[in-house]
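Q: Numbering-wise (UniProt numbering), the sequence shown opens with residue 1 and increments by one. Idealized CB from N, CA, C, for every residue including glycine.
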Amino acid sequence: MVKIGDIELSDFPLLLAPMEDVSDPPFRALCKEQGADVVYTEFISSEGLIRDAAKSVMKLDIYEKERPVGIQIFGANMESMLQTIDIVERSNPDIIDINFGCPVKKVVSKGAGAGILKDICLMEQLTAEMVKRTNLPITVKTRLGWDHDSIKIVEVAERLQDVGCKAISIHGRTRAQMYKGDADWKPIAAVKNNPRMHIPVFGNGDVTTPERAMEMRDSYGLDGCMIGRASIGNPWFFKQVKHFFETGEHLDPISMAERVDAARRHLQMSIDWKGEKLGVFETRRHYTNYFKGIPNFKEHRMKMVTSDDSKDVFAAFDEVLELFGDYQFS
Numbered sequence: 001m002v003k004i005g006d007i008e009l010s011d012f013p014l015l016l017a018p019m020e021d022v023s024d025p026p027f028r029a030l031c032k033e034q035g036a037d038v039v040y041t042e043f044i045s046s047e048g049l050i051r052d053a054a055k056s057v058m059k060l061d062i063y064e065k066e067r068p069v070g071i072q073i074f075g076a077n078m079e080s081m082l083q084t085i086d087i088v089e090r091s092n093p094d095i096i097d098i099n100f101g102c103p104v105k106k107v108v109s110k111g112a113g114a115g116i117l118k119d120i121c122l123m124e125q126l127t128a129e130m131v132k133r134t135n136l137p138i139t140v141k142t143r144l145g146w147d148h149d150s151i152k153i154v155e156v157a158e159r160l161q162d163v164g165c166k167a168i169s170i171h172g173r174t175r176a177q178m179y180k181g182d183a184d185w186k187p188i189a190a191v192k193n194n195p196r197m198h199i200p201v202f203g204n205g206d207v208t209t210p211e212r213a214m215e216m217r218d219s220y221g222l223d224g225c226m227i228g229r230a231s232i233g234n235p236w237f238f239k240q241v242k243h244f245f246e247t248g249e250h251l252d253p254i255s256m257a258e259r260v261d262a263a264r265r266h267l268q269m270s271i272d273w274k275g276e277k278l279g280v281f282e283t284r285r286h287y288t289n290y291f292k293g294i295p296n297f298k299e300h301r302m303k304m305v306t307s308d309d310s311k312d313v314f315a316a317f318d319e320v321l322e323l324f325g326d327y328q329f330s
């Protein structure tokens, strides 16, 4: 059994990664239904929360059906991050996660996200003070290092553990790599194999198939994996991985009826939470994957991703089910 603080999880938990404009409550709900053991919010700016910015505050919405759920925050200013802890606690999450890994320039330029990998002492100090500020478990998501020449993740993980971090998720790329090239899981395994480490070590990056998840478990010995891009438009990925673990076989392909139902529910939940305009717009990125691989589908996909009225999108779903209902996915 894997534990984050007092939270008991399965032997090899699957975590939904925090993804900007993706891992919102509707998508988290779908992934939870399909087997995600822990889900995380989109990453939230500490400065945005302190300024009471509407978009940042909205991201604090969590629901009982999601638990255990973590709220992820980012920032580099000590006082701001500590104030953020007090704000986040009011939403009553199960976990507070610190983002020390986002490679995006606008975050890094402020010394936050992966930018803090240039200042390991500040990384340690921020974690230590945030641990002292709350009784909730503090976890960290980070990368291997700033670049290939500054990979010190074994030392970094040990230092974060020693100041009270309860789990660490490590993306197998440096900030310099962004999302290019292949994720390197060997340094993550080195963290896990450090005899001083006793907190869970989760791997992240390029878990795109059930076989890759099994490799992370069996060949690299990690405690679990955090799944990001493979779940976009495919909340069933968690179920597919668990089925493969249990049987050694792939789950039967998800039927068209299931895909349409998920897309319909996803859109409706998004509208209920964000309103018509944003709900329609921010769900579009998922449709390509929901209906990936169907021949002669461009016309229908275009209706889904260009319509501003939800009635038109729902009508497009009905049309797809009628025309392609018998399509067999491979």
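1) Taking a contact to mean a Cβ-Cβ separation below 9 angstroms, would you say P26 touches Y40 in this structure?
2) Does DSSP classify E8 as helix, strand or coil?
3) For P295, count neighbouring Cβ atoms within 10 angstroms of its own Cβ and tell me buried if that reaches 16, exposed if not.
4) So does the segment 84-103 actually touch the segment 138-146, counting three or more Cβ pairs closer than 8 angstroms?
5) Taking the alpha carbon of G221 as the point to measure from, which residue in V201, K152, D149, G35 has its own alpha carbon closest?
6) Could you check the C-alpha separation between H300 and A316 for me, to the nearest Å?
7) Identify whether D97 lies in helix, strand or coil by the three-state DSSP scheme.
8) For L323, does the three-state DSSP call read helix, strand or coil?
9) Return the chain-ordered list of same chain residues with a C-beta closer than 8 angstroms to the C-beta of R133, the five sequence neighbours on each side being excluded.
10) According to the neighbour-count rule (16 or more other Cβ atoms, all chains shown, within 10 Å of its Cβ), is D37 buried or exposed?
11) So, is N204 buried or exposed, given that buried needs 16 or more other C-beta atoms within 10 angstroms?
12) DSSP three-state label for M226, please.
13) Give the straight-line distance between the Cα atoms of S219 and F281, rounded to the nearest whole angstrom.
14) At 4 residues or longer, what runs of the alpha helix (DSSP H) sit wholly inside the segment 255-315?
15) Within a Cβ cutoff of 6 angstroms, which residues of the same chain sit near G279, ignoring the five residues on either side of it in sequence?
16) Does the beta-carbon of T174 have 16 or more other beta-carbons within 10 angstroms, so that it is buried, or is it exposed?
17) Helix, strand or coil: which one does DSSP assign to Q177?
18) Let me make sure I understand the geometry here. Which of I199, D21, E249 has the alpha-carbon closest to that of C165?
19) In the DSSP assignment, what are the bridge partners of N204?
20) Around the C-beta of D162, are 16 or more other C-beta atoms found within 10 angstroms, so that it is buried, or is it exposed?
21) Taking just the CA atoms, how far does D326 sit from K106?
22) Where do the ends of the alpha helix (DSSP H) carrying V39 lie?
23) Can you check which of these residues, N289, L122, V2, Y63, is closest to N234 by C-alpha distance?
A: A quick look at the data gives this:
1) Counting from one through the sequence shown, the residue named residue 26 turns up at place 26. Counting from one through the sequence shown, the residue named residue 40 turns up at place 40. No, they are not a contact pair.
2) Sequence index remark: in the sequence shown, residue 8 carries index 8 (1-based). It is a strand residue.
3) Along the sequence shown, read from residue 1 onward, the residue named residue 295 stands at position 295. Classification for P295: exposed.
4) yes
5) Here residue 221 is taken as the residue at index 221 of the sequence shown, counted from 1. Of the candidates V201, K152, D149, G35, the one whose C-alpha sits nearest the C-alpha of G221 is V201.
6) Residue mapping note: residue 300 aligns to position 300 of the sequence shown, counting from 1. Residue mapping note: residue 316 aligns to position 316 of the sequence shown, counting from 1. Going by the C-alpha atoms only, they are around 7 angstroms apart.
7) As a working mapping, residue 97 is identified with position 97 in the sequence shown. Reduced to three states, the DSSP call for D97 is strand.
8) For the purposes of this step, residue 323 is taken as the residue at position 323 of the sequence shown. Of the three classes helix, strand and coil, the one that applies to L323 here is helix, per DSSP.
9) For the purposes of this step, residue 133 is taken as the residue at position 133 of the sequence shown. L82, I85, D86.
10) Your numbering for residue 37 matches position 37 in the sequence shown. The residue is buried, with at least 16 neighbouring Cβ atoms inside 10 Å.
11) As a first step, residue 204 must be located in the sequence shown, where it is residue number 204. Answer is buried; the Cβ neighbour count reaches 16.
12) Counted from its first residue, the sequence shown places residue 226 at position 226. Note: M226 maps to strand in three-state DSSP.
13) Locating residue 219 in the sequence shown gives position 219, where the first residue counts as 1. Locating residue 281 in the sequence shown gives position 281, where the first residue counts as 1. Computed Cα separation, rounded: 41 angstroms.
14) 256-274, 276-283, 287-290, 298-306
15) On the sequence shown, position 279 is the one that residue 279 refers to. These residues qualify, in order along the chain: S270, I271.
16) For the purposes of this step, residue 174 is taken as residue 174 along the sequence shown, with counting starting at 1. So T174 ends up on the buried side.
17) The count along the sequence shown starts at 1 and reaches residue 177 at position 177. In this structure, Q177 counts as coil in the three-state DSSP scheme.
18) Indexing the sequence shown from 1 puts residue 165 at position 165. Ranking the options by Cα distance to C165, first place goes to I199.
19) Mapped onto the sequence shown, residue 204 falls at position 204. Answer by DSSP bridge pairing, in chain order: H171, M226.
20) If you number the sequence shown from 1, residue 162 lands on position 162. D162 comes out exposed.
21) In the sequence shown, counting from the first residue as 1, residue 106 sits at position 106. In the sequence shown, counting from the first residue as 1, residue 326 sits at position 326. About 46 angstroms.
22) If you number the sequence shown from 1, residue 39 lands on position 39. Here V39 belongs to no alpha helix (DSSP H); instead the beta strand (DSSP E) covers 38-40.
23) Taking the first residue of the sequence shown as 1, we reach residue 234 at position 234. Closest option to N234, Cα to Cα, is N289.
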